[in-house]
Amino acid sequence: MVSTKRSTDLQILSFNPKLSAREQQLQRAQALSHAAKVSYRRRLKRPREAQSPTTRKTPVDDEVDSQQLAARCTRLVYAPDGSTSRDPFDILAVEVSPAVAEMLVARKRKVHWNCWHTAYSTNTSHDWGKSALALQFSEDRAALHHKVSGTAFLLECAAMVAAQVLPQRDDVRLTVLRLKHQALRQLLPQGNAPADSRHELFYVRAVFSMLIASIMMEDVAEIIIHGRQLRTLLEHFTLQDPETTQMVLTRAYLMDHTVSLQYVQPPMLDMGPSSPLARYGWIADDVWLASIPEALLVGQPSTEDFSRDIVELYQKLRDLSCAGGMSASHAQRGSMRLPPPHLSLPLQRTLRLVGDAFTIYKDRRYRTSQDAYADARTYTESVMALAIPALHTMQEHNIARLGLAKVASGIMGSLRTDLALALSLQRIPRLHSDAYLWVLMVGTCWELQFWYALPSVGWSPWFEAMLYEHAYRINCASWAEARAIIAEFLDPDILAPPGEVWFDELIQSGTVDKRVGRWKKPGSCGRANCLIVDAAVKIPWIL
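The structure is reproduced here in structure tokens:
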């Protein structure tokens, strides 16, 4: 059954994952009935208060009224799989109070927070899943049960709404400031590390929420502060169980990776020798480019057309694409489990790849000079750098499904904005037009996979339409011609679905059949939840 626990800003709902679908539906109905009763009691108090001649209406009363009105809506934030969270990094199942309900309702959707990857499940059948149970120090197991991480998570939700949905609402801004003040008061007195090591996991989660809130509020100074605080907290990690420590560090780095991709923000955590990972034998990969030839672009000296930074970035992507995201010994068919150490060298490389890509993107995007050709080349490099992590989210075994449905959306939004501006410019050099063709191919492949995987979202093929227009503009009439252009940058075979399946159809009819998105690599295991790929050539698929 549903159990609730009273709190100032939130109530926790506990779910039994063993219930049938009918019982879960009844459980949800009981939870909503409880929320309606609470809202009804609040509405009953208002007429009596209004009859008092000494009561005066204030802006605060107006804020409370609007929150109570929004509280009549559905206020349930639940785990899709119906499981009870034992971990602040896992999906949260909560019912928020009227004070927060309006923010969540304004987001037009239920708020899901899942920073876990399926490879690192908290299932107790896993060795490190059992070690995670040692962190249970009370009946309150979700992050919102913890005072610090709960307040920080609500601040994260409020900042998202204030930035994206209701930027003009004073009451929303007041809520953000109140939650920010409350979270800082709870977080800062702890110093570098909490006094009790059992609380460290919740403080790591809280710092991430504060970091996301700072990104949404565009506070650069606070982003730097919270990034430094996160690094310090991980450096002072004092958990004595090595497996639990490895698991926590792994999820911290994966969450940093996720936040970076979702909010187009350089990662906060370092992968170098001074990082917390270095203490556990995970080597840095600063020299992995040593054996790769300098010339990347086919038939052209790389230094003449692009800077060394963008060429090295493409070399890293090519290295990952050709070598595979994980070694064959780590990829066990029918299993998503990775043996310790959880962060393998290829995953470290992908984290570095994302960091380098965003560094180039931020550096090139607004750089201007008096040379029009140099400005066009610099802007092209920023767009190409942003397309690298977008392609990476479709390829990488470790985050592929999360990347398509959630993470890459932030990158693709920025990429759309930059491409719309770049393609509207006139007299762009030929080489840059070819680069834009490659970037549009990446975006179209992402659309085909994403919209097929989530058909309920709707079909809005922006990249597909822009690719059709740009191919017509540069007289690219077939896949053979497009392949020759794309080969100047990277191996065309890393794109999926492959261009030979859909590009000619796009040129002839101006659109692509959505069913192309179900393409998968021949010879794969065929399981709907399996993303294991061949170790020789890494090609993604979505079923």
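In terms of our numbering, the numbers along the sequence shown are unbroken and rise by one, the last being 555. All C-beta atoms, glycine included, are put in the ideal place defined by N, C-alpha and C. Small disclaimer: the values here were computed from a predicted structure and weren't measured.
Here R379 has T390 as same chain residues with Cβ atoms under 6 Å from its own Cβ, once five neighbours each way along the sequence are excluded. S319 and L479 have their C-alpha atoms spaced approximately 26 Å apart. In the assembly as shown, G522 is an exposed residue. Its beta-carbon has fewer than 16 other beta-carbons within 10 Å. Between W514 and V528, the alpha-carbon positions lie close to 7 Å from each other. A distance below 7 Å between beta-carbons, with the five flanking residues on each side excluded, links E168 to the following residues of its chain, in chain order: S221, I224, A225.
Relative to E393, the option among Q461, E324, R263 whose CA is nearest is E324.
Around the beta carbon of Q327, 16 or more other beta carbons sit within 10 angstroms, so the residue counts as buried.
Each of H404, Y373, T429 was checked against the Cα of A397, and the nearest Cα belongs to Y373.
The Cβ atoms of L281 and Y265 lie closer than 8 Å to each other. The residues V188, A225, M228, M229, in chain order, have a CB closer than 6 Å to that of A171 in the same chain once the five nearest residues on each side in sequence are set aside.
A check of alpha carbon separations from H482 across A494, L449, A388 identifies L449 as the nearest. When secondary structure is reduced to three states using DSSP, V524 falls in the coil class, being assigned neither helix nor strand. With a cutoff of 8 Å on beta-carbon distance, E476 and L518 are scored as near each other. In the DSSP assignment, I224 falls within the unbroken alpha helix (DSSP H) covering 212-228. Put simply, the backbone Cα of R428 is about 23 Å away from that of E500. By the neighbour-count definition (other C-beta atoms within 10 Å, threshold 16), D525 is an exposed residue. Spanning the alpha carbons of E459 and L363 requires a straight line of approximately 23 Å. Closest option to S272, judged by alpha-carbon separation, among P504, I506, V366, R485: V366.
In this structure, the beta-carbon distance from S445 to I486 falls below 8 Å. The three-state secondary structure of A402, taken from DSSP, is helix. For Y484, the enclosing alpha helix (DSSP H) covers residues 474-485. Annotation: the continuous alpha helix (DSSP H) that includes D183 extends over 182-199. A508 carries a coil assignment under DSSP once its states are collapsed to helix, strand and coil.
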